[in-house]
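Engineer: Here our numbering runs 162 ahead of the position in the sequence shown, where the first position is 1. We put the CB at the ideal spot given by N, CA and C, even for glycine. Fair warning: this is a prediction, and the values are worked out from it, not measured in the lab. Have a look at this one.
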Amino acid sequence: MGRPEKPIEIVDEVAAFAAELRSLKAAQGSLTYRDLAARTHYSRTTLAEATAGKKPPSLPVVLAIVRACGGDPGLWQARWEKMRQRAANTPVLLSALPEQQVADGSEPEAAGCGADATTAIARKIAWHERRLNLGQVELRYSARQGAAWARFEGYGSLDHLAGQRQVDIEVAVVRESDDRRTSVREAYCFDYHWCDILLSQGRLRAAARILIDDHVVAESSTPWFALG
């Protein structure tokens with residue numbers, strides 16, 4: 163079985179559609195994203211993002227999931243089109259933080275980088291001593307704002323550990339051209355962790371460390387990646 167999925171908070175049309183799509187998958191019993199990837203020929207990351215409710219999934223991905231789960235493609239295409247239409251009329255959701263200029267060290271949401279953010283590259287982070295995948299670190303990128311930052315997502319295995327031990331996450335983005343770095347360390351909150359932005363001038367990479375009881379147990383980084 164795959165790791166438990168994080169519940170979807172139904173805050174808009176996109177989240178509601180993702181919840182329906184996830185229900186269709188759940189109706190297939192123990193179908194995992196690995197199984198679904200084999201049936202659809204899309205990556206597990208792409209499929210998981212389609213059912214996460216964070217952004218509208220593409221129609222080809224939706225229809226591939228629907229066919230793999232025995233759904234009606236015509237019905238789901240109509241649902242997808244309605245979701246896209248309603249999502250287009252949804253008011254802009256502004257950050258709770260004061261607005262900031264797009265500059266090195268600004269917070270991504272406050273600088274307006276979240277609206278078009280995509281994951282350029284990601285890498286899993288494993289506790290090799292226990293052969294246990296704990297999460298993944300992602301290099302996030304806003305093409306419109308020309309900015310990048312690192313984001314960490316913990317897996318269910320880390321959620322379990324954090325219920326018993328003190329777990330901290332340190333996440334950072336580094337720019338190769340001048341070795342500039344922004345980072346943040348904080349207690350694991352069972353959700354995404356991210357650092358402040360760097361302007362995407364040249365190549366960058368994202369890195370993360372996982373600390374349990376103040377000892378580093380796992381760390382990893384993406385390769386250098388050219389953005390812009």
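On the DSSP letters alone, give me the boundaries of the beta strand (DSSP E) that Thr-280 sits inside.
Structural biologist: 280-289
Engineer: For Met-163, is the classification buried or exposed, using 16 other Cβ atoms within 10 angstroms of its Cβ as the cut-off for buried?
Structural biologist: Model confidence at Met-163 stands at a pLDDT of 46, short of 50, so the residue's coordinates are unreliable; what they give is reported in the following sentence. The residue is exposed, with fewer than 16 neighbouring Cβ atoms inside 10 Å.
Engineer: Along the beta strand (DSSP E) that carries Ile-374, what are the first and last residues, could you check?
Structural biologist: 365-374
Engineer: Going by alpha carbons, who is nearest to Ser-362 out of Pro-385, Val-335, Phe-352, Gly-316?
Structural biologist: Nearest option by C-alpha distance: Val-335.
Engineer: Tell me which residue opens and which closes the alpha helix (DSSP H) that Leu-221 is part of.
Structural biologist: 221-230
Engineer: Check whether the Cβ atoms of Ala-272 and Tyr-303 lie closer than 8 angstroms to each other.
Structural biologist: no
Engineer: Can you tell me which of the three DSSP states Glu-182 falls into?
Structural biologist: Here Glu-182 carries a helix assignment [DSSP, helix/strand/coil].
Engineer: Where in the region 273-350 do unbroken runs of the beta strand (DSSP E), each at least 3 residues long, occur, reported from the N-terminal end onward?
Structural biologist: 280-289, 294-304, 309-316, 329-337, 343-349
Engineer: Report yes or no: do three or more beta-carbon pairs, one from the region 196-203 and one from the region 341-353, lie closer than 8 angstroms?
Structural biologist: no
Engineer: Going by DSSP in three states, Met-163 sits in which element: helix, strand or coil?
Structural biologist: A caution first: Met-163 carries a pLDDT of 46, below 50, which makes its placement in the model unreliable, though a value can still be read off. DSSP places Met-163 in coil when its eight states are reduced to three.
Engineer: So, with DSSP's three-state summary, where would you put Ala-405?
Structural biologist: No answer is possible for residue 405: the residues shown for the chain start at 163 and end at 390.
Engineer: Are Ile-227 and Leu-193 touching if we call contact CB-CB under 8 angstroms?
Structural biologist: no
Engineer: Using the Cα positions of Asp-376 and Ser-382, report the straight-line distance between them to the nearest angstrom.
Structural biologist: 17 angstroms
Engineer: At a cut of 8 angstroms, does the region 257-271 reach the region 178-190 through at least three beta carbon pairs?
Structural biologist: no
Engineer: Please classify Glu-175: does DSSP put it in a helix, a strand, or coil?
Structural biologist: helix
Engineer: For Arg-241 and Gln-190, I'd like the C-alpha separation in whole angstroms.
Structural biologist: 20 angstroms
Engineer: Whole angstroms are fine: how far does the CA of Tyr-195 sit from the CA of Glu-269?
Structural biologist: One C-alpha to the other measures close to 32 angstroms.
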